[in-house]
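Residue numbers for the sequence shown follow this note's numbering, beginning at 134 and rising by one.
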Amino acid sequence: MAKKKYYVVWEGHETGIFNSWADCEAQIKGYPQAKYKSYTSLSAAQEALAGNYWAAVGSGKKKSSKPSAEIEKEVVWHSLSVDAACSGNPGVMEYQGVDTQTGRRIFHQKFALGTNNIGEFLALVHGLAYLQKEELSNLPIYTDSRTAMSWLRNKKVKTNLVQNARTKQLFVLIQRAENWLKNNSYKNPILKWDTENWGEIPADFGRK
């Protein structure tokens with residue numbers, strides 16, 4: 134049986150603690166700077182709500198021995214962060230890119246069927262294309278997926294996801310992303326987010 138989760142929304146259509154992902158999603162969907170995170174106990178959620186979002190995001194599953202001030206210096210805050218979420222694997226998949234420092238959502242896509250790795254990869258390529266268009270060729274991109282970083286280097290997706298009517302749109306975008314990588318160059322540093330020491334990446338969907 135899945136553990137009960139409580140969702141804290143610091144910034145959304147309504148703020149507070151919500152008892153289901155559906156209720157939480159209703160508060161953050163369409164809200165450009167939504168800030169939220171999930172907890173497995175009500176007391177932890179209440180404590181987090183009493184504080185601020187960045188303090189909560191900065192607390193990973195494993196406590197770091199490094200002081201928070203040192204971690205603040207390690208993170209390149211002037212950057213783009215990307216992440217994906219999947220309800221089942223495969224399942225309904227979405228990805229997004231946000232401003233690492235403010236959490237402001239810059240782009241978001243959702244698909245009827247996909248995998249988390251595919252979402253992480255597409256988010257990276259989407260981020261690179263976006264930064265190229267905005268002439269931000271030196272802005273770093275953070276991801277917490279080593280698989281997506283590998284696919285990006287190889288300019289090729291390796292997946293067992295079946296191609297069918299439900300995944301047709303997704304595979305069109307995968308092909309488009311692979312072609313973009315083959316036909317474009319980029320200088321943006323692709324950085325690995327240190328989840329163990331820094332907590333969840335700012336682009337996290339808060340479902341863990």
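Ideal placement from N, C-alpha and C gives every residue a C-beta, glycine not left out.
Per DSSP, the beta bridge partners of isoleucine 274 are Leu213, Ile323.
In this structure, the beta-carbon distance from serine 220 to alanine 336 does not fall below 9 angstroms. In the three-state reduction of the DSSP assignment, lysine 291 falls in the coil class, being assigned neither a helical nor a strand state. If the five residues before and after asparagine 287 are omitted, its C-beta is found closer than 8 angstroms to no C-beta atom of its own chain. Proline 223 and phenylalanine 254 have their C-alpha atoms spaced approximately 15 angstroms apart. Only buried fits alanine 256, as 16 or more other CB atoms lie within 10 angstroms of its CB. For leucine 324, the closest C-alpha among the options Val141, Asp216, Ile307, Gln296 is that of Asp216. When DSSP states are grouped into helix, strand and coil, tyrosine 169 belongs to the strand group.
The beta carbon of valine 209 is closer than 6 angstroms to those of Pro273 in its chain, skipping five residues each way along the sequence. Fewer than three beta-carbon pairs drawn from the stretch 292-299 and the stretch 170-185 are found closer than 8 angstroms, and the two stretches are therefore not classed as touching. When the five nearest sequence neighbours on each side are left out, the beta carbons in the same chain lying within less than 6 angstroms of the beta carbon of serine 270 are those of Lys320, in order along the chain. Assignment of serine 176 by DSSP, reduced to helix, strand and coil, places it in the helix class.
Residue environment for asparagine 249: buried (at least 16 other C-beta atoms within 10 angstroms of its C-beta). For glutamate 144, the uninterrupted beta strand (DSSP E) segment begins and ends at 139-144. Beta-carbon to beta-carbon, tyrosine 263 and glycine 230 are separated by about 7 angstroms, close enough to satisfy the 8 angstroms threshold. If only complete runs of 3 or more residues are kept, the stretch 235-272 shows the beta strand (DSSP E) at 238-247, in order along the chain. Taking a contact as a CB-CB distance under 8 angstroms, the pair glutamate 227 and glycine 260 does not count as one, their CB atoms being some 15 angstroms apart. Counting along the chain, the unbroken beta strand (DSSP E) around valine 225 starts and ends at 224-232.
Here serine 278 is buried, its C-beta having at least 16 other C-beta atoms within 10 Å. Remark: C-beta atoms of alanine 189 and valine 142 do not approach each other more closely than 9 angstroms.
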